[in-house]
Amino acid sequence: MKRNIDFRQVSVWITRMSLKLTLSVAFSLLLLSTVWILLSFPDEPLQYDYDVPVVLSWSKFFGQDFTYVLLHHENWPTCPRECVFTSDKRLLNVSSVILFHAWNFYGDSFPSTSPNQLKVFFSQEAPTLTSRSYFRRFPKDYFNITSSYRLDSDIPMPYGTFQKLKTTKTDLPVEIEEALKKKQFLAFQLISNCYTHSRREVIGRELKKHANITSYGRCFSATCDKDCEAKAIESHYFYLAFENAVCNDYVTEKFFRLRHGIVPVVLSRKVVEKIAPKGSFIVVDDFESVELLVAYLVRLTRSPEEYRKYFE
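Numbering (this note's numbering), first residue to last: 3 to 314.
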């Protein structure tokens, strides 16, 4: 059957398509022009008209955008101050604060600043993890603010904190009882740094000689993702929260797994006791031998009343 073609409809369709293509090309040209302008004047300072402080991230954070990391921190929504975070170095001259992550910074790229700008040296890693020559590249007295895990920093940023409950009426006892029902194994460790300043790997090997320690991480060729870790916490009584370095206040996220219902075993009491509640952890250096430590751990698994005390 022969079809009649309505050339008026065809004309309208072609006109609409032409308009779409024209708009698409125009948008593409606008985008390319904008990029060309930005690339042509990389050092041109930007105009800033907002009456709030600017916080400039001068370096990356382990390869990530430092600004992105800060804005997605769990405490950011509760920040009472209004400010602008940026990684755009063209805002250097109008920035009130300039952040430098110590482990992603090169000594030959220090910007010239004014005396009234705060230059923050930020680090969450123990200083033993690198050589002293790394820090010698930093100009003397360049930084005027420190922010780190150390409690004596100008801006302390510990890996975790504890707060007293305002009321004793909680569901915690019930949660602990439910957690205890799922415990089956003694202890586990999750380690990917196999040669450390603290020699934790040596203590770990000694413990494995006397107890059944479940081991995960690159050091044991046994990967363990978040789901695996959650199941390990659920099924084990203790977690070997051995840090890679024994330094003042250096208590990382390893220790704070206790909030998920497991008792951490740490290397040094003097490092942890300033941060964690007394009686919430077990310390290796409290025991004269690895055998005595293992015997104590085993005893706690057979005495639920004693084990519960670590969560009080």
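For every residue, glycine included, the Cβ atom is placed at its ideal position computed from N, Cα and C.
_Let's see if you can read the secondary structure: which residues bound the beta strand (DSSP E) around S59?_
Looking at the DSSP string, the run of the beta strand (DSSP E) that includes S59 is 56-59.
*State the start and end residues of the unbroken beta strand (DSSP E) segment that holds K121.*
Here the beta strand (DSSP E) through K121 covers 120-125.
*Look at S217 and N246 and say whether their C-beta atoms are less than 8 angstroms apart.*
At the C-beta level, S217 and N246 stay beyond 8 angstroms of one another.
*Select from G281, F289, V300 the residue whose C-alpha is nearest the C-alpha of F313.*
The residue with the shortest Cα to Cα distance from F313 is G281.
_Supposed contact pair A278 and F244 - C-beta distance, whole angstroms, cut 8 angstroms_ = So it is not a contact: roughly 15 angstroms between Cβ atoms.
_Rounded C-alpha distance that separates R92 from S149_ = R92 and S149: Cα-Cα distance of roughly 24 angstroms.
_Run through the DSSP bridge pairs and tell me what V267 is partnered with._
Residue pairing from DSSP places V267 in a beta bridge opposite L242, I284.
*Anyone know if the C-beta pair for L242 and G206 falls short of 8 angstroms?*
For L242 and G206, yes; Cβs fall inside 8 angstroms.
_Segment contact flag, the segment 143-162 with the segment 219-239, C-beta cutoff 8 angstroms, min 3 pairs_ = Contact fails: fewer than three Cβ-Cβ distances are below 8 angstroms.
_Selection from E177, V273, P160, F112 that minimises the alpha carbon distance to K141_ = Reading off the sequence shown, one finds Pro at residue 141, where the question assumed Lys. When C-alpha distances from P141 are compared across E177, V273, P160, F112, the shortest belongs to F112.
*Pairing CB atoms from the segment 93-103 with CB atoms from the segment 113-126, are three or more of them under 8 angstroms?*
Yes, they touch.
*For S217, name the three-state secondary structure that DSSP assigns.*
S217 falls in the strand class under three-state DSSP.
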